[in-house]
Amino acid sequence: MRAVGMTAKEDIFDRLGRSAFRSRFRLGQKERAYAEAKGRDTIAAHARDFIAARLAPAHPRNDGRQTPMRGHPVFVAQHATACCCRSCLEKWHLIPPGRALSPDEQAQIVDLLMCWIDRQMTVDPRSHS
74 MRAVGMTAKE
84 DIFDRLGRSA
94 FRSRFRLGQK
104 ERAYAEAKGR
114 DTIAAHARDF
124 IAARLAPAHP
134 RNDGRQTPMR
144 GHPVFVAQHA
154 TACCCRSCLE
164 KWHLIPPGRA
174 LSPDEQAQIV
184 DLLMCWIDRQ
194 MTVDPRSHS
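In my numbering, the protein residues as written are 74 to 202.
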């Protein structure tokens with residue numbers, strides 16, 4: 074039985090991999106180059122800032138439309154991992170809407186995003202269509 078909150082990374086990556094929509098996300102050349110230029114620590118800091126400002130509030134501004142589809146590695150990761158809006162957090166991660174995310178939940182989301190980005194950075198971009 075799963076507890077309410079973020080599921081185990083292995084479970085969520087397995088479930089996301091079965092979603093035609095979620096599994097199509099990949100870092101593009103620009104996002105990959107940006108991540109390489111800035112470094113992992115800076116990208117993680119951006120992830121923490123984006124999650125705190127755009128996802129953590131009980132009622133985020135423009136919820137459901139607050140996360141661009143591309144332009145930053147974290148944005149792509151948010152869509153790939155279903156951490157892009159409160160409704161996706163509820164559906165995929167069992168985090169109910171209408172309340173602020175705890176610091177622990179925010180940290181777990183950032184960890185998941187960075188794990189996805191790390192995986193993408195180790196994949197040869199030419200191996201995907």
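Cβ coordinates follow ideal geometry from the N, Cα and C atoms, glycine included. Since the model is a prediction, treat every value here as computed from it, not as a measurement.
Each of 196, 159, 193 and 190 was checked against the Cα of residue 174, and the nearest Cα belongs to 159. Between the segment 105–117 and the segment 183–198, the count of Cβ pairs shorter than 8 Å is three or higher; the stretches touch.
Per DSSP, the continuous alpha helix (DSSP H) segment holding residue 152 begins and ends at 146–153.
Here residue 98 has 149, 152 and 153 as same chain residues with Cβ atoms under 6 Å from its own Cβ, once five neighbours each way along the sequence are excluded. Here the alpha carbon of residue 170 sits roughly 10 Å from the alpha carbon of residue 164.
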